[in-house]
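Enquirer: Numbering (our numbering), first residue to last: -19 to 299. I have a structure I would like to understand better, so I am pasting it below and will then ask my questions one at a time.
Quick look at the structure:
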């Protein structure tokens, strides 16, 4: 699209009263006007907030967040490990699609540079990319545990380090880290995942205080049980685990944990995204945004004495 600048003909007797106007080309004489086409640059208009989101594969929370931000007038750099997983966003000018594996330092650098080159700035960073893991901690291979931590904790921190110099230079910006309500009252069989999300919560709390002097707001976004494709990835993770040595009698309960959040009562991802984006886009956003099925229940568990909480969680996770 282009904008048009219309240069109108000068008023009658203008040349007589302004001799220097004789230098105006004949194409701008009294009977003519000139239309100049000014091409839009890809830089965002001031009123369009620019958002960079990780983990935007279709069917997930990141995808729903990307669409909701766009519905609110934002320009979105949507990233995922594979462009094909975001195919439904292709052709929509509100989205700039990039491949990004948060484990790749080079990929992070290219994604941030690409977003800045396309839109000129990054107003909001949403660290959503993450992986699930279902297994008793004693039998989780250390390589798997490290992979979960690298993806869910180190990846977001590396991306923050890549984006924050730009935000500090502008003295403004928002950073959103997507945690999990499960880390507030951890139950059995998902220890690697809940450990990583608890670490991300602590990291976010620290950054909120450290970045405040630079005008950067840091937000913990805490989904409850949200209906998304994480159930499929959890089952895939479970199937890749070695056969249990000590926990074979609990196999049914462990496998059930893989899709514990995917029930008919789970909150639809688009509903969660509406609540989340509305909070994030506030001029003074809350430091903690939590929404979805089981959020209230887990909040109550968090404040209960440990012996009561443990008893209730054992009942909930029982095969």
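Glycine residues also receive a C-beta, built at the ideal position from the N, C-alpha and C atoms.
Output the residue ranges of the alpha helix (DSSP H) runs that lie fully inside the segment 97 to 165 and measure 4 residues or longer, sorted by chain position.
Expert: For the segment 97 to 165, whole alpha helix (DSSP H) runs of length 4 or above, ordered along the chain, are 122 to 129 and 135 to 150.
Enquirer: With the cut-off set at 8 Å, would you say residue 158 and residue 204 are in Cβ contact?
Expert: No, they are not a contact pair.
Enquirer: For residue 205, which residues does DSSP report across the bridge?
Expert: 273.
Enquirer: Under a Cβ-count criterion, where at least 16 other Cβ atoms within 10 Å of its own Cβ denotes burial, should residue 303 be classed as buried or exposed?
Expert: Summary: the structure shown does not reach residue 303, with the chain confined to residues -19 through 299, and so no result is reported for it.
Enquirer: Report back the beta-carbon spacing between residue 198 and residue 180 to the nearest angstrom; my notes put them in contact at under 8 Å.
Expert: Not quite, the Cβ-Cβ distance comes to about 12 Å (not below 8 Å), so this is no contact.
Enquirer: What three-state label does DSSP hand residue 38 in the structure shown?
Expert: Coil, per DSSP.
Enquirer: Would you check if there are 3 or more beta carbon pairs closer than 8 Å linking the segment 55 to 64 to the segment 74 to 84?
Expert: Enough Cβ pairs lie closer than 8 Å, so yes.
Enquirer: Can you give me the C-alpha to C-alpha distance between residue 282 and residue 99, rounded to a whole angstrom?
Expert: Residue 282 and residue 99: Cα-Cα distance of roughly 42 Å.
Enquirer: Does the pairing of the segment 137 to 152 with the segment 234 to 249 give three or more beta-carbon distances under 8 Å?
Expert: These segments do not touch.
Enquirer: What is the rounded straight-line gap between the Cα of residue 36 and the Cα of residue 233?
Expert: Cα to Cα, the separation comes out at about 30 Å.
Enquirer: How long is the line joining the alpha carbons of residue 64 and residue 230, rounded to whole angstroms?
Expert: So the alpha carbons of these two residues sit roughly 37 Å apart.
Enquirer: Among residues of its own chain, excluding the 5 on either side of residue 129, which ones have a beta-carbon nearer than 8 Å to its beta-carbon?
Expert: Cβ neighbours of residue 129 beyond the five flanking positions: 172, 175, 176 and 179.
Enquirer: Does DSSP put residue 222 in a helix, in a strand, or in coil?
Expert: Of the three classes helix, strand and coil, the one that applies to residue 222 here is coil, per DSSP.
Enquirer: Starting from the C-beta of residue 266, find all residues in its chain whose C-beta is less than 8 Å away, skip the five residues before and the five after it, and write them out in chain order.
Expert: Taken in chain order, the residues that qualify are 199 and 259.
Enquirer: Please return the same chain residues whose Cβ sits closer than 7 Å to the Cβ of residue 108, not counting the five positions on each side in sequence.
Expert: So the qualifying residues of the chain are 33, 34, 35, 41, 42, 45 and 158.
Enquirer: With the cut-off set at 8 Å, would you say residue 241 and residue 206 are in Cβ contact?
Expert: Yes.
Enquirer: In angstroms, rounded to a whole number, what distance separates the CA positions of residue 239 and residue 277?
Expert: Approximately 18 Å, taken between the alpha carbons.
Enquirer: Suppose the cutoff is 6 Å on Cβ atoms and the five residues either side in sequence are ignored; what does the same chain contact list for residue 120 look like?
Expert: Once the five neighbours on either side are set aside, the close Cβ partners of residue 120 are 172.
Enquirer: Between residue 270 and the rest of its own chain, which residues show a CB-CB distance below 6 Å, the 5 nearest in sequence each way excluded?
Expert: Excluding positions up to five away in sequence, the list reads 202.
Enquirer: Span of the beta strand (DSSP E) holding residue 56?
Expert: 55 to 60 is the span of the beta strand (DSSP E), which, as asked, contains residue 56.
Enquirer: In angstroms with no decimal places, state the Cα-to-Cα distance between residue 262 and residue 52.
Expert: Computed Cα separation, rounded: 12 Å.
Enquirer: What residue does the beta strand (DSSP E) around residue 30 start on, and which one ends it?
Expert: Segment 30 to 33, the beta strand (DSSP E) holding residue 30.
Enquirer: Note down, in chain order, each residue of its chain lying with its Cβ closer than 7 Å to the Cβ of residue 254, except the 5 sequence neighbours on either side.
Expert: Result list for residue 254: 48, in chain order.
Enquirer: For residue 84, tell me which candidate among 50, 214, 135 and 292 has the shortest Cα-Cα distance.
Expert: Considering only alpha carbons, the answer is 135.
Enquirer: Can you tell which of 28, 168 and 137 has its C-alpha closest to the C-alpha of residue 182?
Expert: Among 28, 168 and 137, the Cα nearest to that of residue 182 belongs to 137.
Enquirer: Since I believe residue 289 is in contact with residue 114 (beta carbons under 8 Å), could you give me their beta-carbon distance rounded to a whole number of angstroms?
Expert: Contact doesn't hold; Cβ gap of about 20 Å is too wide.
Enquirer: In the DSSP output, which residue or residues are listed as bridge partners for residue 92?
Expert: DSSP, once it has assigned bridges, lists no residue as partnering residue 92.
Enquirer: When DSSP builds the beta bridges, which residues end up paired with residue 170?
Expert: In the DSSP output, where bridge partners are listed per residue, residue 170 has 115.
Enquirer: Buried or exposed, going by whether 16 or more other CB atoms sit within 10 Å of the CB of residue 141?
Expert: Counting Cβ neighbours within 10 Å, residue 141 comes out exposed, since fewer than 16 surround it.
Enquirer: What's the gap between the Cα of residue 61 and the Cα of residue 213?
Expert: Taking the straight line joining both Cα atoms gives about 14 Å.
Enquirer: Please state whether the Cβ-Cβ distance between residue 216 and residue 39 is less than 8 Å.
Expert: Contact: no.
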